[in-house]
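Asks:
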Amino acid sequence: MDKFFCGNSGTNEKINGKNLSELPVEEFLKLAFINFFGDDIDLRPAQDLAISQYKILESKENIILSTPTNSGKSLLCYLMALREAIQGKRAIIVEPLRVLAQEKAEELEQICSLIKLHGGPKIRIVLTTGDYRISDDFMEDCPSEGSKTRNKFSGEIVVATPERLDAISRIVEYMVWFERVSIVCIDEAHLIGDHHRGATLELLITFLRTIESNLQIILLSATISNCEELAEWLQPCQVINNVPRYPSLEKWLYRIDEGEEVNAVLTKEVQRVLEKDDTSILIFVYRTSWAEGLANLIAEQRGNKKRGNLKATIEYGVAWYHAGMSSSSRMLVKKALLKGDIRVVVSTTALAWGINLPTTHVYIRDITFPGVKELDTGELIQMMGRAGRGDRPGVGTIFHRKTDKIDYNELETRLCNESYPRLVSQLSPPEQEGYYCSRRDDNRYLGRLANQILGVLHRMGPSDQKDIENFLSSSWGGKHLVSELDALLKNLCRWKLAYLSETNGKYELTSLGKTAARYYLPSNTAANMGQLIRDLLQDDPSGSHLRELKMIDILIILSLTSDEMKSISRYSKALEDQVTLYMESLPISEKSYLYRRWIAGDAVALLGSARIDNKFTDIEAKKLVYQCTHRAMLLYDLSKGISFSNLEARYHVKVEELEEKLRDNALWLLHALENILGVRNFYYHLRAICEIEPEDIQPIDRSFKMLSRQIFALLANLRFRSTLGELIRGIKRVYPNANRYPGEGTIRKLEENGISGLGDLVKRNSNDLVKMGIERRYADLIVGYILKRRS
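Dropping the structure here:
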């Protein structure tokens, strides 16, 4: 192994040493910050420069703050947001990941409690990510105005993801909600150059700049190299960059020789660093399973015998940290690290954005993600920059292996020079020669652009092509998209999501297109779902196909029509046999109609409806359909509450690692499908193509409603991983004004007492449920709901 020192980044000299007590803010805010961050905390160079020289707490101009990791951007973000909320306005903080949004919301809750304690106003904190698993809000729901308690709050801070805010901005009736917004702080703003999410963020900012409320936009990042280009777009705009990092960061590059095992080298490094008592380590790896595996390996070397047990590894000073963990487990790790009980944390690179786990050393083991991407210099330096605690310098180390795509010497040069890649608008063609043509042919890229045009049309209403061109031209790079607009609009029309009105010459969304835009459904998925339903209706206009569909069929439809639902296993004869046995073993009331009618015999016909832009051979169709059905089986089993251990034995995958993303996508798509299944979205097809008379549509409407009821139950059962989930969602619908509702704890108590479905509750009264350990108020709600449901 070769080691190369890539230089120091930043300085260890304090520029001025100003303390938090010198902040030019109200006394109650100053005291709250001192209580939260500590009375011995001095302002870092970037913080002092922004507050003293650039006067960010007084300025109403847009601001780009591109300063090194660990320079204190979060404190500045909180100050600017709280400045507005204290004045009774609404501030928004945009975070790239739900877990980071939750962390920021929790910190703001603590700060706002301290503000109130020190005599300041009561400020409302709203976390809204459209995550139905942990809350009742979907992507299209507008965050509550807090009408019941409006007089108690001065202002509010909303913490959201870009996609959540984009979904809210698409809906005309929510425009009044934006009128109170005075500032939007976008964390990790270099996301604007991300191939997958950049277009969403750019057009969201474009929309925000159209609001006539003098709204201020703040971009926060550590790795924007071309700030001036963005500033020109955001004029009037201040740029704060070229600020040295404090404390400094040592940068190291280790070359792993052929035949060397990277974990063996890394664990030796860990042992060496931990010989000093005041050190701690953060290690970044690619996969969740790798994070847990490496943490277990290090803990075993330190004496742990209970592999796979987080609390046991923590006892030996080691833990893993990833998005698949519960928020309580992540909080446990964070608190233990800050207390010094943990000295080594192994995290996934997905949490490198904004992760707040201060350590003295950072190691990046994986820089190439097979078949996915390679980390660029900006991402690597940002991850290394997590090293450093308080005034103590940090040490960041990257491991380079022979299998990594980037050349060792090239990486060494980039780290020494700290050359960040230039951000490029994802609405404009890439500048690399020859690449633009391949991207124009990339269906996924064009699909993402079609999603954005769908959202723009929903927000603007009926528009001619020139109106849309003008909006796109006001974005950072959208003027280059104008040449693509005609093809994108024709695609939306071909997918029956939009049409060109013959009366006014304007593009308008169809009922299905409006539903897709409102419920944030990708345009190609909406088109696939719509075509599948139309074909089922055309094959049998009476609606009998729809009436035959079961819950498992609904999940198969999601898997077939959406690119978001990734496969959990490759096709094999063993997988096909497993699907066949599973389908045969289902009770008659649950047997799959799609499997009996098409999957086992005519997969090409089914995919012809479910994937309208793809063509498949018989073999390709069969393999894909069985993979989709296999995935639907796992989701169905999750909705029944089958344990992870049983699922892992059945499906031969680490279910806990897959479950969160898989279930998130399923919940989101189910909710969208629930709203697609209505006569309004297929009325033209029923009348013009199926030639059904108006009086004959009622049976089809009943079929749609039957499917919607099944989706209602499936949504709740998947959320709670229990067949009793429907009970909780039903109670909330029947009793919308109750102060509190039963939740997962109530479900688990009922299950422990042998209650596995709503039928088991029919003959139970409130006293019976109280004896099972259910709170009286919840018992009364449950019994009342069952009675109303029966009547």
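According to UniProt numbering, the sequence shown holds residues 1 to 791 in order. Every residue, glycine too, gets a C-beta built ideally from N, C-alpha and C. Keep in mind the model is a prediction, meaning the values are calculated, not measured.
Indicate the three-state DSSP secondary structure (helix, strand or coil) for threonine 69 in the structure shown.
Replies: Coil at threonine 69, not helix or strand.
Asks: Please list the terminal residues of the continuous beta strand (DSSP E) segment that includes aspartate 2.
Replies: 2-9 is the extent of the beta strand (DSSP E) around aspartate 2.
Asks: Got a sec, what are the start and stop residues for the beta strand (DSSP E) cysteine 185 sits in?
Replies: It spans 181-186 - the beta strand (DSSP E) in which cysteine 185 sits, taken as one unbroken run.
Asks: Nearest-angstrom Cα distance between glycine 730 and proline 736?
Replies: Distance between the alpha carbons of glycine 730 and proline 736 is about 10 Å.
Asks: Count the CB pairs spanning the stretch 243-254 and the stretch 328-335 that are closer than 8 Å, and state whether there are at least three.
Replies: No contact exists between the stretch 243-254 and the stretch 328-335.
Asks: Is the number of C-beta pairs between the stretch 447-467 and the stretch 396-409 that are closer than 8 Å three or more?
Replies: Flag = no, the stretch 447-467 and the stretch 396-409 do not touch.
Asks: Measuring alpha carbon to alpha carbon, tell me which of Thr200, Ala738, Leu351 ends up nearest arginine 777.
Replies: Comparing Cα-Cα distances from arginine 777 to each of Thr200, Ala738, Leu351, the minimum goes to Ala738.
Asks: Drop a sphere of 10 angstroms on the beta-carbon of glutamine 102, count the other beta-carbons inside from all chains shown, and report buried for 16 or more, exposed for fewer.
Replies: Glutamine 102 should be labelled buried.
Asks: Measuring only the C-alpha atoms, how far is arginine 534 from methionine 139?
Replies: Each residue's alpha carbon lies about 26 Å from the other.
Asks: Going straight from the alpha carbon of isoleucine 298 to that of threonine 279, what length do you get?
Replies: Their Cα atoms are separated by approximately 16 Å.
Asks: From what residue to what residue does the beta strand (DSSP E) around residue 806 run?
Replies: Look at the range of the chain in this structure, 1 to 791, and you will see that residue 806 is not part of it.
Asks: Could you check the C-alpha separation between threonine 128 and arginine 164 for me, to the nearest Å?
Replies: Distance between the alpha carbons of threonine 128 and arginine 164: 7 Å.
Asks: Find the nearest neighbour of valine 346 within the set Gly396, Asn19, Ala387, Trp290, judged by alpha-carbon distance.
Replies: Nearest of Gly396, Asn19, Ala387, Trp290 to valine 346, Cα basis: Trp290.
Asks: Within 8 Å, do at least three Cβ pairs link the stretch 220-229 to the stretch 48-59?
Replies: In short, these stretches do not touch, since the Cβ pair count stays below three.
Asks: For arginine 346, which beta-bridge partners are listed by DSSP?
Replies: According to the sequence provided, residue 346 is valine. The question's arginine does not apply to it. Ile283, Trp320.
Asks: Which residues mark the beginning and the end of the beta strand (DSSP E) in which leucine 249 is found?
Replies: Its beta strand (DSSP E) spans residues 249-255.
Asks: From which residue to which residue does the beta strand (DSSP E) around alanine 91 run?
Replies: Unbroken beta strand (DSSP E) run through alanine 91: 90-94.
Asks: Hey, out of Asp760, Phe720, Val159, whose CA is closest to glycine 743's CA?
Replies: For glycine 743, the nearest C-alpha among the options comes from Phe720.
Asks: Along the chain, which unbroken stretches of the alpha helix (DSSP H) at least 4 residues long are found entirely within the stretch 594-654?
Replies: Those alpha helix (DSSP H) runs which fall completely within the stretch 594-654 and span 4+ residues are 603-610, 618-639, 644-651.
Asks: Around the Cβ of arginine 330, are there at least 16 other Cβ atoms within 10 angstroms (buried) or fewer (exposed)?
Replies: Buried is the call here.
Asks: What do you reckon, are the CB atoms on threonine 368 and valine 285 nearer than 8 Å?
Replies: No, these two residues do not count as a Cβ contact at 8 Å.
Asks: Within the same chain, show all residues whose beta-carbon is closer than 8 Å to that of leucine 449, passing over the 5 residues directly before and after it, in chain order.
Replies: Hits under 8 Å: Ala199, Leu427, Leu481, Glu484, Leu488.
Asks: Quick one: what does DSSP say valine 482 is sitting in, helix, strand or coil?
Replies: Reduced to three states, the DSSP call for valine 482 is helix.
Asks: Are proline 541 and isoleucine 364 touching if we call contact CB-CB under 8 Å?
Replies: No, the Cβ-Cβ distance between proline 541 and isoleucine 364 is not below 8 Å.
Asks: Since histidine 545 is in the alpha helix (DSSP H), which residue starts that stretch and which ends it?
Replies: Start and end: 544-548.
Asks: Put serine 425 into one of helix, strand or coil per three-state DSSP.
Replies: Serine 425 falls in the coil class under three-state DSSP.
Asks: Quick one: what's got a C-beta closer than 6 Å to aspartate 2's C-beta in the same chain, skipping five residues either side?
Replies: Closer than 6 Å at Cβ, skipping near neighbours: Arg255.
Asks: Ignore the nearest five residues each way along the sequence and tell me which others in glycine 7's own chain have a CB closer than 7 Å to its CB.
Replies: Correct list, in chain order: Lys251, Cys416.
Asks: Could you pull the DSSP bridge partners for glutamate 260 from this structure?
Replies: Beta-bridge pairing links glutamate 260 to no other residue.
Asks: Go ahead and label asparagine 504 buried or exposed: buried means 16 or more other beta carbons lie within 10 angstroms of its beta carbon, across all protein chains shown.
Replies: Classification of asparagine 504: exposed, given that the 10 Å Cβ count is below 16.
Asks: Report the rounded CA-to-CA distance for aspartate 187 versus valine 158, giving the unit in angstroms.
Replies: Distance between the alpha carbons of aspartate 187 and valine 158: 13 Å.
Asks: Ignore the nearest five residues each way along the sequence and tell me which others in arginine 150's own chain have a CB closer than 6 Å to its CB.
Replies: Residue placement at arginine 150 is poorly supported in this model, since its pLDDT is 45, which falls under 50; the coordinates still yield a value, given next. If we look at arginine 150 and ignore the five residues flanking it on each side, it has no Cβ neighbours.
Asks: Distance check for threonine 723 and aspartate 141, CA to CA, integer angstroms please.
Replies: The alpha-carbon atoms of aspartate 141 and threonine 723 are separated by roughly 25 Å.
Asks: Hey, out of Lys550, Gly478, Asp577, whose CA is closest to isoleucine 192's CA?
Replies: Residue Gly478 is the option with its Cα nearest to isoleucine 192.
Asks: For aspartate 780, collect the residues of the same chain with a Cβ closer than 6 Å to its Cβ; drop the 5 residues on either side in sequence, then sort them by chain order.
Replies: Excluding residues within five positions, the ones whose Cβ falls inside 6 Å are Ser766.
Asks: Starting from valine 126, trace the beta strand (DSSP E) both ways and give me its first and last residue.
Replies: Here the beta strand (DSSP E) through valine 126 covers 124-128.
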